[in-house]
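*Asks:*
There are 2 protein chains.
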Amino acid sequence: MDKFMKEAIKEAKKGRDEGGLPIGAVLVKNGKIIGRGHNKRVQEDDPVLHAEIDCFRNAGRLGSFKGTVLYSTLQPCYMCSGAAVQFGVKKVVVGESENYTGTEDFLESRGIQVVDLDLEECKRMMGDFVDSNPELWKEDTGDI
Amino acid sequence: MDKFMKEAIKEAKKGRDEGGLPIGAVLVKNGKIIGRGHNKRVQEDDPVLHAEIDCFRNAGRLGSFKGTVLYSTLQPCYMCSGAAVQFGVKKVVVGESENYTGTEDFLESRGIQVVDLDLEECKRMMGDFVDSNPELWKEDTGDI
Numbered sequence: 001m002d003k004f005m006k007e008a009i010k011e012a013k014k015g016r017d018e019g020g021l022p023i024g025a026v027l028v029k030n031g032k033i034i035g036r037g038h039n040k041r042v043q044e045d046d047p048v049l050h051a052e053i054d055c056f057r058n059a060g061r062l063g064s065f066k067g068t069v070l071y072s073t074l075q076p077c078y079m080c081s082g083a084a085v086q087f088g089v090k091k092v093v094v095g096e097s098e099n100y101t102g103t104e105d106f107l108e109s110r111g112i113q114v115v116d117l118d119l120e121e122c123k124r125m126m127g128d129f130v131d132s133n134p135e136l137w138k139e140d141t142g143d144i
Numbered sequence: 001m002d003k004f005m006k007e008a009i010k011e012a013k014k015g016r017d018e019g020g021l022p023i024g025a026v027l028v029k030n031g032k033i034i035g036r037g038h039n040k041r042v043q044e045d046d047p048v049l050h051a052e053i054d055c056f057r058n059a060g061r062l063g064s065f066k067g068t069v070l071y072s073t074l075q076p077c078y079m080c081s082g083a084a085v086q087f088g089v090k091k092v093v094v095g096e097s098e099n100y101t102g103t104e105d106f107l108e109s110r111g112i113q114v115v116d117l118d119l120e121e122c123k124r125m126m127g128d129f130v131d132s133n134p135e136l137w138k139e140d141t142g143d144i
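First to last, the sequence lines map onto chains B and V. Note that the UniProt record's numbering has the first sequence beginning at 1, numbered continuously upward. Note that the UniProt record's numbering has the second sequence beginning at 1, numbered continuously upward.
1. Taking Cβ to Cβ, would you say Lys91 (chain V) is nearer than 7 Å to Gly67 (chain V)?
2. Got a sec: is the Cβ-Cβ distance from Asp105 (chain B) to anything in chain V below 7 Å?
3. Counting C-beta neighbours from all protein chains within 10 Å, is the total for Val115 (chain V) 16 or more, i.e. buried, or is it exposed?
4. What's the call for Met125 (chain B), buried or exposed, on a 16-neighbour Cβ count within 10 Å?
5. Since Gly60 (chain B) meets chain V, which of its residues come closer than 9 Å, beta carbon to beta carbon?
6. Using 7 Å as the limit for Cβ to Cβ distance, is Ser81 (chain B) near chain V?
7. Can the beta-carbon of Ile33 (chain B) be found less than 7 Å from the beta-carbon of Val26 (chain B)?
8. How would you list, in chain order, the residues of chain V whose beta-carbon sits under 7 Å from the beta-carbon of Phe129 (chain B)?
9. Is the Cβ of Cys77 (chain B) closer than 7 Å to any Cβ of chain V?
10. Indicate whether Val48 (chain B) and Phe56 (chain V) have their beta-carbon atoms separated by less than 7 Å.
11. Since Ile112 (chain B) contacts Thr73 (chain B) with CB under 8 Å, what's their CB separation in whole angstroms?
12. Under 7 Å between beta-carbons, which chain B residues line up against Gln86 (chain V)? List them in chain order, please.
13. Cβ of Ser109 (chain V) within 7 Å of Cβ of Gly82 (chain B)?
14. Closest to Met5 (chain V) by C-alpha separation, out of V:Val69, V:Phe87, V:Tyr78, would be which residue?
15. Helix, strand or coil for Arg36 (chain B)? Go by DSSP, reduced to three states.
16. Once the 5 residues before and after Phe87 (chain B) are set aside, which same chain residues still bring their CB inside 7 Å of it?
17. On the criterion of 16 or more Cβ atoms from any shown chain inside 10 Å, does Thr101 (chain V) qualify as buried, or is it exposed?
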């Protein structure tokens, strides 16, 4: 498997083990991980701490994220996709887009390449969480 | 002036007085402010802490932000606009869109009403900052 997605999955598992949502992300620049994070919405009681936001945050103030590649275990929501657009990310690689979808067109319309690895491991990890915690998940998707 | 925009301007001034970017936001639900914040990117060395993100964060985990109105002293960037879309905000009221623009169509295409108050006070406050700190501002716009 893609080595960067493997790291994003590690992050997702950290989140799950903390009692939070199993979604992880890493940000890659010139072949190196410059930021990593996972969804901490439950853990920090913070509605904006999605995995990708946590990841950008941990990457810190680089000055520029232009040309970076964002790996996420799940298709990013609109906030996180908007962050990718705003920060000049050139490519978004997702583990799956079965448990969340709908932002691909937005990303592509802003010139960001989207690659869906369609990984069983990611689908199962997220699917199990959604099945066990439907209300928590609805908070993230805004469906509540 | 609109009483909620007045509060967003107060937040922006707090940010400016802390040495940060003069951008403020408040989130309103049923006529009451449920969250407020200002850009803390410089103060907390955090690339995602734009005013609107700080505002959502301070509103906390409501379960739902559906039907809220977001007031911001400046037209929100893609990350913050994406957050408004994701969280089901129904209307975005901005103090100005002269110092930043471009996300109106995205918001409107997702069914969010955008109202631009085109306020001299907001334009001057932000314009003065951009003139004095062009590099800091470029970090936020992704132009660096």
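Backbone N, C-alpha and C define an ideal beta-carbon position, used for all residues, glycine too.
*Replies:* Walking through what the data contain:
1. No, they are not a contact pair.
2. Not closer than 7 Å to any Cβ of chain V, the Cβ of Asp105 (chain B) fails to qualify, so no.
3. The residue is exposed, with fewer than 16 neighbouring Cβ atoms inside 10 Å.
4. Buried, by the Cβ-count rule.
5. Those are Asp45, Asp46, Pro47, listed as they occur along chain V.
6. So yes, Ser81 (chain B) belongs to the interface.
7. Contact: yes.
8. For Phe129 (chain B), there are no C-beta contacts with chain V under 7 Å, since the nearest C-beta of that chain is about 17 Å from it.
9. Yes - at least one Cβ of chain V is within 7 Å of the one on Cys77 (chain B).
10. Yes, they are a contact pair.
11. Contact doesn't hold; Cβ gap of about 18 Å is too wide.
12. Near Gln86 (chain V) (Cβ distances below 7 Å), the residues of chain B are Cys77, Tyr78, Met79, Gly142.
13. Taking 7 Å as the Cβ cut-off, Ser109 (chain V) and Gly82 (chain B) do not qualify as a contacting pair.
14. The candidate whose alpha carbon is nearest that of Met5 (chain V) is V:Val69.
15. Three-state DSSP puts Arg36 (chain B) in a strand.
16. Once the five neighbours on either side are set aside, the close Cβ partners of Phe87 (chain B) are Phe56, Phe65.
17. Exposed, since its Cβ has fewer than 16 Cβ neighbours within 10 Å.
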